[in-house]
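Going down the list, the sequences are from chains A and B. Residues -11 to 199 (this note's numbering) make up the first sequence, in order. Residues -11 to 199 (this note's numbering) make up the second sequence, in order. Note that the Cβ used here is the ideal one computed from N, Cα and C, for glycine as well.
There are 2 protein chains.
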Amino acid sequence: MNWRMHTDYRVYLVTDRDLCLGRNLEDVVLAAVRGGAGAVQLREKNASSREFLALARALVSRLQPLGVPLIINDRADIALASGAAGLHVGQSDLPPEDARRLMGPDAIIGLSVETREELLDAEKLDIDYVGLSPIFTTPTKTDTHEPWGLAGLRWAREHSPLTLVAIGGIHRNNAADVVAAGAHSLAVVSELCSAQNPEEAARNLLAVFEK
Amino acid sequence: MNWRMHTDYRVYLVTDRDLCLGRNLEDVVLAAVRGGAGAVQLREKNASSREFLALARALVSRLQPLGVPLIINDRADIALASGAAGLHVGQSDLPPEDARRLMGPDAIIGLSVETREELLDAEKLDIDYVGLSPIFTTPTKTDTHEPWGLAGLRWAREHSPLTLVAIGGIHRNNAADVVAAGAHSLAVVSELCSAQNPEEAARNLLAVFEK
């Protein structure tokens, strides 16, 4: 499977077990996928490596047969050991060139960019998307740069040919604005992980692209 | 270079930048190696992945030409990307089978064991040594099991054919007892990192084996 050619990034779930309202992560993820989430990123900053790998393997075995790639945050070793489809790296994670070298030519590689300079620099890299982070201020991630905002996102769309994944503070009520400003993808954590009904919440986000 | 056949584990330095008394880690490591440390493990629980990789690369380029392997703690991706000679995993890290698969047949793989059962289970694994942890109680690592003690170490030597790396609370004044009890290797953090003279401290540890 060449995930790089066949991934629907429009609704991109980024996990946070602590935000799942006590529900099982796998159940929440599968519900979101039934609602139309086309990509899932497993982000585990506090799990041990062994626990992270076990979670990754469980999700790979459920998601990838459905055509939905699992993308691992930061840890190329976990991605490789679990057979995940890809790796997402931030500016303090493995450099994207090393990520590509370790993961091989068919893996999805995504890179977070927090500034215009980082966005423009990303053009020369062999990556599949950039995550513009954060679009809005968000309580989920507090160590971030100044938000891109809708104006910054518009600028990004005008100045970069890359697939733009918008992340940070996106929810049902601002999703249409984010897409109108140029995002190819809505990446969300709490909007899906903490939704009463993650399937319906994913369907609502996907519907934004179909208007 | 087949590190698995040619590594002198007798004095095994495990790094902790915070214990280097403000000195540069590379300088401390190289001094210890001049004194006879034959293996170095880079342990970085708080560094970002990018910083960890940069440290690993710097040490690989200095150590491995001297015939001293750099062994990375936990992170197979950092080990692979830096060209390190090996990987050390604990019981909550990547399973040793996955570590071997990712690292390949020529890499050093070490495994921490905290109980007799874990030690005996390790015999069937394709690993190069076990780290008996901790031998004594130690302030460096507080999340550990009950210490092996000298009696536990003797038991280990009698019941296991594996190379036994003793770690935890080892210093100049108890090193001879630890070797007499059966350790093939003295792994130390503060005894070298915090030594006034790491070269001399390494020489003192090595001398224990030569008596």
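(request) Out of A:118, A:66, A:108, A:9, state which residue places its alpha-carbon closest to the alpha-carbon of residue 90 of chain A. (result) Minimum Cα distance to residue 90 of chain A is reached at A:66.
(request) Kindly say whether residue 114 of chain B, judged by its beta-carbon, lies nearer than 8 Å to any beta-carbon of chain A. (result) no
(request) Determine, using beta carbons only, whether residue 203 of chain A and residue 197 of chain A come nearer to each other than 8 Å. (result) There is no way to answer for residue 203 of chain A, as the model of chain A reaches only from -11 to 199.
(request) For residue 170 of chain A, name the three-state secondary structure that DSSP assigns. (result) Residue 170 of chain A: coil per DSSP, three-state reduction.
(message) For residue 187 of chain B, which residues in the same chain have their Cβ closer than 7 Å to its Cβ, ignoring the five residues on either side in sequence?
(response) 19, 20, 22, 23
(request) Enumerate, from N- to C-terminal direction, the unbroken beta strand (DSSP E) stretches of 3 or more residues contained entirely within the stretch 63 to 151 of chain B. (result) 74 to 77, 96 to 101, 117 to 120
(request) For residue 117 of chain B, verify whether its CB is less than 7 Å away from any heavy atom of the ligand FMN. (result) The ligand FMN is not part of the structure shown, which contains no ligands of any sort.
(message) Please list, in chain order, the chain B residues whose beta carbon lies closer than 7 Å to that of residue 62 of chain A.
(response) 37
(request) Could you pull out every residue in the same chain whose Cβ sits closer than 8 Å to the Cβ of residue 43 of chain B, ignoring the five residues on either side in sequence? (result) Sequence-distant partners of residue 43 of chain B (beyond 5 residues in either direction) whose C-beta falls short of 8 Å from its own C-beta, in its chain, are 13, 30, 32, 35.
(message) For residue 151 of chain B, which residues in the same chain have their Cβ closer than 8 Å to its Cβ, ignoring the five residues on either side in sequence?
(response) -3, 116, 117, 118, 172, 173
(message) Quick check on the DSSP output: the beta strand (DSSP E) that includes residue 7 of chain A runs from which residue to which?
(response) Run containing residue 7 of chain A: none; DSSP gives neither H nor E here.
(message) Can you confirm whether residue 82 of chain B, when its beta carbon is compared against all beta carbons of chain A, has any partner nearer than 8 Å?
(response) At least one CB of chain A lies nearer than 8 Å to the CB of residue 82 of chain B.
(request) Please confirm if residue 69 of chain A has its CB atom under 8 Å from at least one CB of chain B. (result) Chain B, which has a Cβ nearer than 8 Å to the Cβ of residue 69 of chain A, makes this yes.
(request) Answer yes or no: does any C-beta atom of chain B fall closer than 8 Å to that of residue 43 of chain A? (result) Interface flag for residue 43 of chain A against chain B is unset, since no Cβ pair is found closer than 8 Å.
(request) Compare the C-beta of residue 86 of chain A with all C-beta atoms of chain B and state if any pair is closer than 8 Å. (result) By this cut-off, residue 86 of chain A is an interface position.
(request) Measure the CB-CB distance between residue 80 of chain A and residue 37 of chain B and report whether it falls below 8 Å. (result) When the beta-carbon positions are compared, residue 80 of chain A and residue 37 of chain B come within less than 8 Å of each other.
(request) Please state whether DSSP places residue -10 of chain B in a helix, a strand or coil. (result) coil
(message) Which residues in chain B have a C-beta closer than 9 Å to the C-beta of residue 152 of chain A? List them in chain order.
(response) Within chain B, no residue comes near residue 152 of chain A; the closest Cβ sits about 23 Å away, beyond 9 Å.
(message) Can you tell me whether residue 153 of chain A is helix, strand or coil according to DSSP?
(response) If DSSP states are grouped into helix, strand and coil, residue 153 of chain A belongs with the strands.
(request) For residue 35 of chain B, name the three-state secondary structure that DSSP assigns. (result) coil
(message) Quick check on the burial criterion: 16 or more other C-beta atoms within 10 angstroms. Buried or exposed for residue 55 of chain A?
(response) For residue 55 of chain A, the number of other beta carbons within 10 angstroms of its own is below 16, and it is reported as exposed.
(message) To be precise: take each residue of the stretch -1 to 12 of chain B, compare its Cβ to all Cβ atoms of chain A, and keep it if any distance is under 7 Å. Which residues remain?
(response) none
(request) Could you spell out the range, first to last residue, of the alpha helix (DSSP H) harbouring residue 177 of chain B? (result) Here residue 177 of chain B belongs to no alpha helix (DSSP H), and DSSP marks it neither H nor E.
(request) List the residues of chain B whose Cβ lies closer than 7 Å to the Cβ of residue 65 of chain A, in chain order. (result) The answer, in chain order, is 63, 64, 65, 82, 90.
(message) Among A:134, A:170, A:161, A:64, whose alpha-carbon lies nearest the alpha-carbon of residue 193 of chain A?
(response) A:161
(message) Please identify the residue among A:-5, A:-6, A:2 whose C-alpha is closest to the C-alpha of residue 175 of chain A.
(response) A:2
(request) Could you spell out where the alpha helix (DSSP H) holding residue 189 of chain B opens and where it closes? (result) Where residue 189 of chain B is concerned, the enclosing alpha helix (DSSP H) stretches over 186 to 197.
(request) Starting from the C-beta of residue 78 of chain B, find all residues in its chain whose C-beta is less than 6 Å away, skip the five residues before and the five after it, and write them out in chain order. (result) 100
(message) For the beta strand (DSSP E) containing residue 59 of chain A, name the first residue and the last one.
(response) 58 to 61
(request) Just mark residue 76 of chain A as buried or exposed, buried being the case when its beta carbon has 16 or more other beta carbons within 10 Å. (result) Classification for residue 76 of chain A: buried.
(request) Please name the residue in B:111, B:154, B:6 whose C-alpha comes closest to that of residue 135 of chain B. (result) B:154
(request) Can you tell me which of B:147, B:141, B:148 puts its alpha carbon nearest to the alpha carbon of residue 158 of chain B? (result) Nearest C-alpha to residue 158 of chain B: B:141.
(message) Do residue 28 of chain A and residue 16 of chain A have their beta-carbon atoms positioned less than 8 Å apart in this structure?
(response) no
(message) Suppose you measure from the CA of residue 156 of chain A to the CA of residue 46 of chain A; what does that come to, to the nearest Å?
(response) 26 Å
(message) Just to confirm my understanding: we take residue 40 of chain A, look at its own chain, exclude 5 residues before and 5 after, and list those with CB closer than 7 Å. What are they?
(response) 32, 63, 66
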